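Before any comments, here is the structure.
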């Protein structure tokens, strides 16, 4: 009798736990989008000097150095700026004709976000780390998609440069949404590595 009541209680609690889990992911998504959009607005107001109403690529900007590591030669520098990215990552396909480019990215991003959302709901609720990574990626995609819909370009404002042991690289300007996508990919890779280690340990125990 006691076992039956405990089973009933666990079945009742499962939908509640699932509901709270989804609510947590929703607030994570909302937080990323708000942070992304507010920082983009901040960079535009602070750094854009002038712009053209007819050509979105025609604008003037300034940047500000936040920190630099190194003396005579800066090993690492971090600047905040304002850049309009009309393409995908690293400005890819940014030079497409204006009558094609926005709609191409609308369709591409919409399909990608739909696939990500389907993957999220198909992932087992116990796979918290996987769901977290997918939620990060979806949040980042949504942040940049909002820019594309309203502005027809994505605002980037974080700029890293480094010169370490002769390795000199000027990293393309990015934003909070890009950080969310990158963070999500890293989480998924770590989850896959942890899962592989667990599977190998389980196989060793089964053989032993």
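Numbering (the working numbering), first residue to last: 7 to 214. Cβ atoms here follow ideal geometry from the backbone N, Cα and C, with glycine treated the same way. Treat the numbers as computed from the prediction; the structure is a model and nothing was measured.
Let me know if residue 38 comes out buried or exposed under the rule of 16 or more other beta-carbons within 10 Å of its beta-carbon.
By the neighbour-count definition (other C-beta atoms within 10 Å, threshold 16), residue 38 is a buried residue.
So residue 87 and residue 69 are in contact, right, with Cβ under 8 Å, and what is the actual spacing, rounded?
Rounded to the nearest angstrom, the Cβ distance from residue 87 to residue 69 is 4 Å, consistent with a contact under 8 Å.
Looking at the secondary structure, which residues open and close the alpha helix (DSSP H) in which residue 134 lies?
Where residue 134 is concerned, the enclosing alpha helix (DSSP H) starts and stops at 134 to 157.
So if DSSP puts residue 90 in a beta bridge, which residue, or which two residues, is it bridged to?
161, per the DSSP bridge assignment.
Which word fits residue 116, buried or exposed, when buried means at least 16 other C-beta atoms lie within 10 angstroms of its C-beta?
Per the 10 Å Cβ criterion, exposed.
Rounded straight-line distance, which links the Cα of residue 192 to that of residue 92
Each residue's alpha carbon lies about 26 Å from the other.
From residue 46 to residue 211, what does the alpha carbon distance come to, in whole angstroms?
The alpha-carbon atoms of residue 46 and residue 211 are separated by roughly 52 Å.
My guess is that residue 162 and residue 180 are in contact by the Cβ rule of under 8 Å, so how many angstroms apart are they, rounded?
That pair is a contact at about 5 Å.
Can you tell me where the beta strand (DSSP E) with residue 56 in it begins and where it stops?
Start and end: 54 to 57.
Straight-line gap, residue 144 to residue 187 (C-alpha atoms, nearest Å):
Taken atom to atom, the span from the alpha-carbon of residue 144 to that of residue 187 is near 7 Å.
Helix, strand or coil: which one does DSSP assign to residue 71?
Residue 71: strand per DSSP, three-state reduction.
When you compare the region 195 to 202 with the region 127 to 145, are there three or more beta-carbon pairs, one atom per stretch, that lie closer than 8 Å?
Yes: at least three Cβ pairs fall under 8 Å.
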